[in-house]
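Peer 1: The sequence shown begins at 1 in the UniProt record's numbering and counts up one residue at a time.
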Amino acid sequence: MSNVISGNALRDRILAKLSAKAERTEDNLDWLKAISVPSHRELLTLIAQEEPGSIGQLAELAGKAQPNVSRSLSALASAGLVEIETSGRVAIPRLTTLGLEKLQQFRLVPQPVPSPRVDGEGTDGRAFELGVSASPDTPAVLDRDFIQGSFTLNARIRDGSSFEGTYDVDIVKEVGHLTHNWWRVIYRADAPYHVGVFRSTRGKLAACSFKSTGRNVEVLLSRSEPDMAPAVAAIFSTTDFENLLLDSLAKPVVLMLRSRGRYDRPLESNVSQIEETRSYPNEYQFARTAGALGLIPTALSEQAAVSVRELVEYIDDEDVRLDFASAVLGEDLNAGREWVAREMEAAGQGNRLPRLPELRKECLLLANMEANRPYKIGISLAKAVRKKIGLACDTAFGGLNGLAKQMGADEGISLSSDPPGSLLAFQGLNNGEPILLTSDRGPVGSTFVMARAIGDYIAYGSRKSCVTELYTERQALGRAFAAELLAPSEAIISMVHKEDKPMNAIARHFGVGTEVVRRQYDNNSQFVRAPFNNGMSASA
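In structure tokens:
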């Protein structure tokens, strides 16, 4: 006896099953079981975006056999997510109100169409929008991962101006490159990632880039107008910035590919891997560290992976570890750790700065630690240190050894060999006392680097920390601290205005570079309102 039935009989059987579904309510959680199946979610997305005119057409869009699609539709209909409309002899799958609601709730379809934008403010309060859209007049390419479209940007700049423009590009390729290099883009400090050149409706151009500064990411715009310096368009915490890129660029492009029948593509795998990594603290920490080293976590040799894990264990302070990693990068990682171990052993009990813990404890109470910028905290801490040790603002420390003596050193600081990468100094602990490693950068340079390390310890108190050439929030605090500690702005302004001393003479007096004196003067002279007799010694 034949088991073959006619096509019409099969169709009628399917329609009978789909029509016999029980009425569902929000309290019935069958929808959750149904929507947890990946193939079911794919069908729901296709129905929402492509509005197929029949079950057969839906099967073609999904690239699946019609009987398999029919079985999935039966499950979705029983869960109240799908209903079947009939037009003559044609069965048309449609989303129910519940089905559409759940798709939008779990972001399985963009809302509004064609793609979402993330509108919001960075940590500095400036409005910023980033989005992506497919070109409406470009035919879909169903046999490869290509979508011609645009990135869209709308930003209000710090100087009060604004910019709104688009960047035309193969959005799959560009977002694919971004997600492939995800951890390097967001966690490798002081290494801008160039997005592209955006064009406004008026023909103005602006190059956009992202730059990690430690705990935050800056969005930078370099505009084509004359006399327009690169500007910070927005500042986001690294976590918020990850969310921004995922929600405004990566996920929308994945949905566009899926609407074209392109499932489980490399871009979608990248996004899934990023989200999965973020859900596991240890993997997330490993990926951030690898990214700061300029490495791709998923493409490491076993030896490189071991080195990254060892670095995570060696430096438990996240800020320090990412600064250290960004300074040495992958090729210098082992050399960096070997330099620290070798020089710490050579320094022995020399290079001790035993007064630092006491100064940290006392100066944190005197300083304004709630300032909204790292450099302001650094300046406040430097003033507190000078006040605590009783040093008048126009009195110099007396170079490297004079500064070390004020920090409790018994002898002068022994200088180390040159460190690898852009490392300048490293601070560790020996029997609970801070030990400083710094290379010979000349009398002026070595003193300034040492002052930066002192500022880092007083601000953070880390068991290990580093001074680098990078421009991160933490390094900015150290630079501001060192400048104000060694060459107080109050004294500089008084020497310029009351004693008519030239900048280079003031620099020699304090033992710093002329550029430090000039920057201190430029950054503070506009705030002068009164004479500077308080705190000045009898002689300059």
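Virtual Cβ for every residue (Gly too), placed ideally from N, Cα, C.
Considering only C-alpha positions, which residue in the set Met369, Pro374, Gly398 is nearest to Ala384?
Peer 2: Start at 1 with the first residue of the sequence shown, and residue 384 comes out as number 384. Ranking the options by Cα distance to Ala384, first place goes to Met369.
Peer 1: Could you please give me the residues that DSSP links to Phe448 through a beta bridge?
Peer 2: Taking the first residue of the sequence shown as position 1, residue 448 is located at position 448. Phe448 is not bridged to any residue.
Peer 1: What residues in its chain sit with their C-beta under 8 angstroms from that of Tyr521, if we drop five residues either side in the sequence?
Peer 2: Counted from its first residue, the sequence shown places residue 521 at position 521. Only Ser489, Ile492, Ile493, Val496, Met503 meet the Cβ criterion.
Peer 1: Give the C-beta separation of Leu423 and Ala327 to the nearest angstrom, bearing in mind that I take them to be a contact with Cβ-Cβ under 8 angstroms.
Peer 2: Walking along the sequence shown from the start, residue 423 turns up at place 423. Walking along the sequence shown from the start, residue 327 turns up at place 327. At roughly 5 angstroms, the Cβ-Cβ gap stays under 8 angstroms, so Leu423 and Ala327 are in contact.
Peer 1: Flag this pair as yes or no: are the beta carbons of Gly455 and Gly432 separated by less than 9 angstroms?
Peer 2: Translated into positions along the sequence shown, residue 455 becomes position 455. Translated into positions along the sequence shown, residue 432 becomes position 432. For Gly455 and Gly432, no; Cβs fall outside 9 angstroms.
Peer 1: Comparing C-alpha positions only, which one of Ser248, Arg223, Trp183, Lys387 sits nearest to Phe286?
Peer 2: Counted from its first residue, the sequence shown places residue 286 at position 286. Of Ser248, Arg223, Trp183, Lys387, the residue nearest in Cα terms is Trp183.
Peer 1: What is the DSSP secondary structure of Ser422, counted as helix, strand or coil?
Peer 2: Here residue 422 refers to the residue found at position 422 of the sequence shown. DSSP places Ser422 outside both helix and strand once states are collapsed to three, so it counts as coil.
Peer 1: From which residue to which residue does the beta strand (DSSP E) around Asn216 run?
Peer 2: Taking the first residue of the sequence shown as 1, we reach residue 216 at position 216. Element bounds for Asn216: 216-223.
Peer 1: Using 10 angstroms around the beta-carbon of Leu221, count the other beta-carbons present and answer buried if the total reaches 16, otherwise exposed.
Peer 2: Locating residue 221 in the sequence shown gives position 221, where the first residue counts as 1. Buried.
Peer 1: Whole angstroms are fine: how far does the CA of Lys102 sit from the CA of Ile35?
Peer 2: In the sequence shown, the residue the question calls residue 35 occupies position 35. In the sequence shown, the residue the question calls residue 102 occupies position 102. Ile35 and Lys102: Cα-Cα distance of roughly 9 angstroms.
Peer 1: Tell me the rounded alpha-carbon separation between Ile274 and Ala305.
Peer 2: Sequence index remark: in the sequence shown, residue 274 carries index 274 (1-based). Sequence index remark: in the sequence shown, residue 305 carries index 305 (1-based). So the alpha carbons of these two residues sit roughly 18 angstroms apart.
Peer 1: For Leu381, which residues of its own chain have a beta-carbon under 7 angstroms away from its beta-carbon, when the five flanking residues on both sides are left out?
Peer 2: Locating residue 381 in the sequence shown gives position 381, counting from the first residue. Result list for Leu381: Cys363, Ala367, Gly455, Ile458, Ala459, Phe481, in chain order.
Peer 1: Distance, Cα to Cα, Leu322 vs Gly390?
Peer 2: Position 322 of the sequence shown, counted from the start, is the residue given in the question as residue 322. Position 390 of the sequence shown, counted from the start, is the residue given in the question as residue 390. Leu322 and Gly390: Cα-Cα distance of roughly 35 angstroms.
Peer 1: In the DSSP assignment, the beta strand (DSSP E) including Lys204 goes from what residue to what residue?
Peer 2: Taking the sequence shown and counting its residues from 1, one reaches residue 204 at position 204. It is not in any beta strand (DSSP E) - Lys204 carries neither H nor E in the DSSP assignment.
Peer 1: Check this for me: beta carbons of Gln427 and Lys376, under 9 angstroms apart or not?
Peer 2: By 1-based counting over the sequence shown, the position of residue 427 is 427. By 1-based counting over the sequence shown, the position of residue 376 is 376. Taking 9 angstroms as the Cβ cut-off, Gln427 and Lys376 do not qualify as a contacting pair.
Peer 1: Going along the chain, which unbroken runs of the alpha helix (DSSP H) with 4 or more residues stay wholly within the UniProt domain "HTH arsR-type" (30-108)?
Peer 2: 30-35, 38-50, 55-62, 66-78, 97-105
Peer 1: How about Gly196 and Glu164: are their beta carbons less than 9 angstroms apart?
Peer 2: The count along the sequence shown starts at 1 and reaches residue 196 at position 196. The count along the sequence shown starts at 1 and reaches residue 164 at position 164. No, Cβ-Cβ distance for Gly196 and Glu164 is not below 9 angstroms.
Peer 1: Give, in chain order, every unbroken run of the alpha helix (DSSP H) that is at least 4 residues long and sits entirely within the segment 352-385.
Peer 2: Taking only runs of at least 4 residues, the alpha helix (DSSP H) segments lying wholly in the segment 352-385 are 356-366.
Peer 1: State the Cα-Cα distance for the pair Arg373 and Glu473, rounded to the nearest angstrom.
Peer 2: On the sequence shown, residue 373 is found 373 positions in, with the first residue counted as 1. On the sequence shown, residue 473 is found 473 positions in, with the first residue counted as 1. Roughly 8 angstroms between the two C-alpha positions.
Peer 1: Identify every residue that forms a DSSP beta bridge with Arg466.
Peer 2: Walking along the sequence shown from the start, residue 466 turns up at place 466. In the sequence under discussion, the amino acid at residue 466 is Cys, which differs from the Arg named in the question. Phe426.
Peer 1: Who are the near neighbours of Glu121 in its chain, counting only those whose CB is closer than 8 angstroms to its CB and skipping five residues on each side?
Peer 2: Taking the sequence shown and counting its residues from 1, one reaches residue 121 at position 121. Its pLDDT being 48, under 50, Glu121 is placed unreliably by the model, and nothing is read from it.
Peer 1: Give the range of the alpha helix (DSSP H) segment to which Glu484 is assigned.
Peer 2: As a working note, residue 484 is residue 484 in the sequence shown. Note, Glu484: alpha helix (DSSP H), 473-486.
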